[in-house]
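Student: Residue numbers (the numbering used here), protein chains in the order written: chain R, 1 to 110; chain C, 1001 to 1115.
In this text, a Cβ means the ideal position worked out from N, Cα and C, and glycines have one as well.
I'd like to ask some things about the structure below.
This is the structure:
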């Protein structure tokens, strides 16, 4: 089983739609979780951290389910500018590094 | 610009040549990471420094790869005897040990093409 798994997509949605991505991780002792966004041929940038209680930032909501070892990202009222690859990132216990999933591609169309 | 800076942005080299990339992290960050990313994949961890100490290395990092961070500031990644399979985007990131979360800030990357 891969350390961090994501559905690569692409997810094709119209503007205004709500879309959700899930990500599973293999190590139950993982401590920190993040969603990064990567535009085509650009570097990854932090979108939001994921907290145990769930957290929201504008149209974006992130949730963590430790029992099932997955995190989710919900995007409401999708904008064209949300088109990007969304990378699920996990900090494995005992390591200072971040482990990335392959990313989920989102395409928002007019 | 106070972000992570990488040079060069692009490098084309012939198979068998050596290449060196440079990364200048955000000045107050003591952690520095190198990642490699190929098309359709997420970034894959290569190595990690805390200050000048190289604390972690991936199994992906063959003996042709070496990284240094001599004064705990900038870092270099050298690939010797390049192979076509080394073609990828090489990303550098930095973070601070302060604070709870390990938010890593990435540079724009060096795109290596081995021909």
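#1: From which residue to which residue does the beta strand (DSSP E) around residue 109 of chain R run?
#2: Within its chain, find whatever has a CB closer than 6 Å to the CB of residue 50 of chain R; leave out the 5 residues flanking it on each side and keep chain order.
#3: For the beta strand (DSSP E) that contains residue 1014 of chain C, what are its first and last residues?
#4: Excluding five sequence neighbours on each side, which residues of the same chain lie with their C-beta closer than 8 Å to the C-beta of residue 1060 of chain C?
#5: Does chain C have any CB closer than 7 Å to the CB of residue 2 of chain R?
#6: May I ask you to report which of helix, strand or coil DSSP gives residue 81 of chain R?
#7: Please list the partners that residue 1085 of chain C has in chain R, where partner means a Cβ-to-Cβ separation under 8 Å.
#8: Hey, out of R:100, R:58, R:81, whose CA is closest to residue 110 of chain R's CA?
#9: Based on the DSSP secondary-structure assignment, which residues constitute the bridge partners of residue 1037 of chain C?
#10: Hey, could you find the ends of the beta strand (DSSP E) residue 1059 of chain C is sitting in?
#11: What residues from chain R crowd round residue 1091 of chain C, counting only those whose CB sits closer than 7 Å?
#12: Give the secondary structure of residue 31 of chain R by DSSP, where H, G and I count as helix, E and B as strand, and everything else as coil.
#13: What residues in its chain sit with their C-beta under 7 Å from that of residue 59 of chain R, if we drop five residues either side in the sequence?
#14: What's the call for residue 1081 of chain C, buried or exposed, on a 16-neighbour Cβ count within 10 Å?
#15: If you follow the beta strand (DSSP E) that residue 45 of chain R is in, where does it begin and where does it stop?
#16: Answer yes or no: do residue 89 of chain R and residue 98 of chain R have a C-beta to C-beta separation smaller than 7 Å?
#17: Taking Cβ-Cβ distances shorter than 8 Å, what residues in chain R pair up with residue 1043 of chain C?
#18: Tell me which residues of the region 70-82 of chain R have at least one Cβ-Cβ distance to chain C shorter than 7 Å, keeping chain order.
Tutor: So, to answer that:
#1: In the DSSP assignment, residue 109 of chain R falls within the unbroken beta strand (DSSP E) covering 104-109.
#2: Cβ neighbours of residue 50 of chain R beyond the five flanking positions: 33, 62, 64, 71.
#3: Looking at the DSSP string, residue 1014 of chain C is not in any beta strand (DSSP E), and its letter there is neither H nor E.
#4: Same-chain partners within the cutoff: 1036, 1044, 1045, 1046.
#5: Output row for residue 2 of chain R: interface = no.
#6: Helix.
#7: By Cβ distance, chain R contributes nothing, its closest Cβ being about 18 Å from residue 1085 of chain C, past 8 Å.
#8: From the listed residues R:100, R:58, R:81, the smallest Cα separation to residue 110 of chain R is found for R:81.
#9: Bridge partners of residue 1037 of chain C: C:1089.
#10: No beta strand (DSSP E) contains residue 1059 of chain C, which DSSP labels as neither H nor E.
#11: Per Cβ cutoff of 7 Å: 43.
#12: DSSP, reduced to helix, strand and coil, places residue 31 of chain R outside both helices and strands of the structure shown, so it counts as coil.
#13: Counting only residues of its own chain and dropping the five nearest sequence neighbours on each side, residue 59 of chain R has a CB closer than 7 Å to the CB of 75, 76, 77.
#14: That one is exposed.
#15: Per DSSP, residue 45 of chain R belongs to the beta strand (DSSP E) from 45-50.
#16: The criterion of a C-beta distance shorter than 7 Å is satisfied by residue 89 of chain R and residue 98 of chain R.
#17: Against chain R, a Cβ distance below 8 Å from residue 1043 of chain C picks out 44, 87, 100.
#18: Per Cβ criterion, the list is empty.
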